[in-house]
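Data first, discussion second: the structure below is written as structure tokens.
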Amino acid sequence: MEKILYLPIGRKTFDLEAGEAERQKSSAFLNQVTDQLIEPEGIITSPEELEDFLQGIPKEDIAVTVYQSITFADGEFIDAVIKKVDSSIIVWSIREPAVGARLRLNSLTGGNSTSHVLKCAARPYTFVFGNSEEAQVQHRIKQHLKIQSLIHMMKGMNVGVIGDYQPGFFFSGTDEEHLKEQFGINVIRMDLQEAFDKSKQMPEQKWEPEIKRAEKQVIGLHSTDHSVQRFAQFSSYVREEINTRNIAALAIRCWPEFFNELGAAACSTLSQFTEDGVVSSCESDIHGAVTMLVLQELSGGKAPYLGDMVHVNEASNSVVYWHCGAGAYSLAHPEQGARPGVHPNRKLGFTMEFGLKPGKVTMFRIGYTPEGYRLLVMRGQALDTPKRFNGTSVEVELETNVTETLYGLMDEGFEPHYGLVYEDITEDLIELGKQLQLPVSVYKKD
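Quick note on numbering: the sequence shown equals residues 39 to 484 in my numbering.
What follows is the structure in structure tokens.
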């Protein structure tokens with residue numbers, strides 16, 4: 039975790055004795071959250087004192103500044119902070135110690151004034167109101183730190199792209215400069231034909247472990263099948279590239295070359311890497327891979343799914359997400375398990391063949407238009423229904439009206455690959471959009 043700067047701010051004209059008691063409790067809470075806290079010994083009560091304190095601390099590694107209005111203080115304080123510290127900001131106002139007599143702190147007005155200064159300066163911030171022992175306060179602060187940890191992690195992250203997207207699949211591409219500017223993500227491009235050629239030269243002792251890995255979760259896998267061995271060869275080659283190039287996510291062109299040149303489906307490689315924590319999207323969908331990565335990180339490491347929305351069932355207020363054969367093994371319905379199959383159109387293996395398990399799910403997409411990046415956040419319930427189509431699929435009952443949602447998504451023109459994870463992280467994703475200053479389209483009940 040990067041360093042956190044805690045700045046308790048107050049004026050001597052207010053009740054600093056009551057304020058100091060809250061500062062000590064706040065400090066204790068923050069020191070439980072991180073072992074990288076930078077803080078003064080007491081309340082900072084003047085711009086000059088703030089200036090001296092900031093001069094004496096290392097500022098380059100600060101990820102988050104917790105600016106706490108112990109009492110009211112004017113905008114001069116926060117203005118000095120943002121000129122010297124380049125970090126995200128939590129504005130924290132505390133409650134009045136008593137009501138019915140003197141206004142002892144006026145912390146809320148201090149937070150209001152601070153928020154106004156930050157808004158006018160176009161600096162993203164999160165506002166928190168309440169005392170340190172309150173669960174909602176602790177949740178909001180921890181959530182902000184969690185999102186900032188993700189944002190920091192993405193800076194310098196490498197997405198491996200093997201092959202260009204198919205003709206007309208414009209949504210799979212990216213403007214690499216804009217991707218770097220917005221998220222700090224690098225694109226590492228690799229030649230697909232070269233990957234095929236080198237994978238076929240991989241020695242058996244390197245690719246055989248890929249088959250043994252798959253056999254642990256894929257029921258009825260025939261290890262001697264030609265397509266299974268091709269899967270193992272390609273996966274072993276890519277795994278070496280992942281380790282050598284420090285790749286965190288993959289976007290792979292899967293058709294027609296995998297079938298025509300390798301004689302196997304890419305779906306199994308995508309599935310195994312996603313199961314193992316290197317999220318992988320098909321059809322070279324770069325933003326799809328980043329979407330999956332965000333879902334994985336915010337859900338605590340759960341394997342995400344990426345699929346097309348292919349069917350609407352108005353009677354159950356549900357939609358079906360599907361893809362032709364990719365899906366992390368652990369997503370399979372436990373009564374059926376992950377089973378090998380063949381591509382529904384190309385009739386080559388091996389692919390995944392299963393319906394996804396039931397449970398609460400979050401749907402998400404990092405989208406891009408000429409106006410810039412945007413986020414889509416949805417929530418629903420994966421139903422315990424039979425597999426709807428060959429390949430991998432899941433039927434999700436939406437919280438919002440399915441017809442209105444469908445037309446809303448089409449009117450907004452979101453990309454046709456939707457990320458899905460078995461965890462309710464909708465509020466985290468909304469907060470991510472806020473901290474990145476991106477528009478967020480939300481389809482869920484309050």
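Even for Gly, the Cβ is constructed at its ideal location relative to N, Cα and C.
Item	Value
Rounded straight-line distance, which links the Cα of residue 335 to that of residue 463	10 Å
Supposed contact pair residue 424 and residue 393 - C-beta distance, whole angstroms, cut 8 Å	6 Å
Which of helix, strand or coil DSSP assigns to residue 272	helix
Segment contact, 8 Å Cβ cut-off, at least three pairs: the segment 103-113 with the segment 130-141	yes
Delimiting residues of the beta strand (DSSP E) encompassing residue 347	343-351
Secondary structure of residue 320, DSSP reduced to three states	strand
Supposed close pair residue 459, residue 337 - CB separation, criterion 8 Å	5 Å
Contact between the segment 352-364 and the segment 469-479 (3+ Cβ pairs under 8 Å)	no
Start-to-end residues for the alpha helix (DSSP H) that takes in residue 61	54-71
Residue-level contact to chain B via CB, residue 338, 8 Å cutoff	Of the chains in the structure shown, none is chain B; there is only one protein chain.
In DSSP terms, what residue 224 is bridged to	196
Beta-carbon proximity of residue 82 to residue 45, cut-off 8 Å	yes
Within 8 Å, strictly: CB atoms of residue 183 and residue 102	yes
Rounded C-alpha distance that separates residue 265 from residue 386	7 Å
First and last residue of the uninterrupted beta strand (DSSP E) at residue 167	163-167
CA nearest to the CA of residue 332, picked from 67, 400, 363	400
Residue nearest to residue 360 in terms of C-alpha spacing, selected from 322, 307, 384, 457	457
Check whether residue 426 and residue 358 have beta carbons under 8 Å apart	yes
C-beta atoms of residue 181 and residue 466 nearer than 8 Å	yes
Meets three-Cβ-pair contact criterion under 8 Å: the segment 268-282 and the segment 304-318	yes
Residue from 347, 397, 382 whose Cα sits closest to the Cα of residue 370	397
Check whether residue 343 and residue 315 have beta carbons under 8 Å apart	no
Inter-stretch contact (C-beta, 8 Å, three-pair minimum) for the segment 280-300 and the segment 402-420	no
Whole-angstrom C-beta distance between residue 345 and residue 363, which should lie under 8 Å	That pair is no contact at about 11 Å.
Residue from 246, 407, 372 whose Cα sits closest to the Cα of residue 325	407
Unbroken beta strand (DSSP E) run spanning residue 104, endpoints	100-107
Alpha carbon of residue 2 to alpha carbon of residue 210, nearest angstrom	What the structure shows of the chain is the stretch from 39 to 484, and residue 2 is not part of that stretch, so it cannot be assessed.
Euclidean distance between Cα positions of residue 72 and residue 42	8 Å
Sub-8 Å separation of residue 285 and residue 201 beta-carbons	no
Whole-number beta carbon distance between residue 208 and residue 328, since they are thought to touch under 8 Å	So it is not a contact: roughly 16 Å between Cβ atoms.
Outcome for residue 440 when other beta-carbon atoms lying within 10 angstroms are tallied against a minimum of 16	buried
CA nearest to the CA of residue 54, picked from 141, 116, 189, 68	141
As assigned by DSSP and simplified to three states, the class of residue 259	coil
First and last residue of the uninterrupted beta strand (DSSP E) at residue 457	456-459
Candidates 213, 436, 302, 234: closest to residue 224 by CA position	213
Residue 242 to residue 249 span [Cα, whole Å]	11 Å
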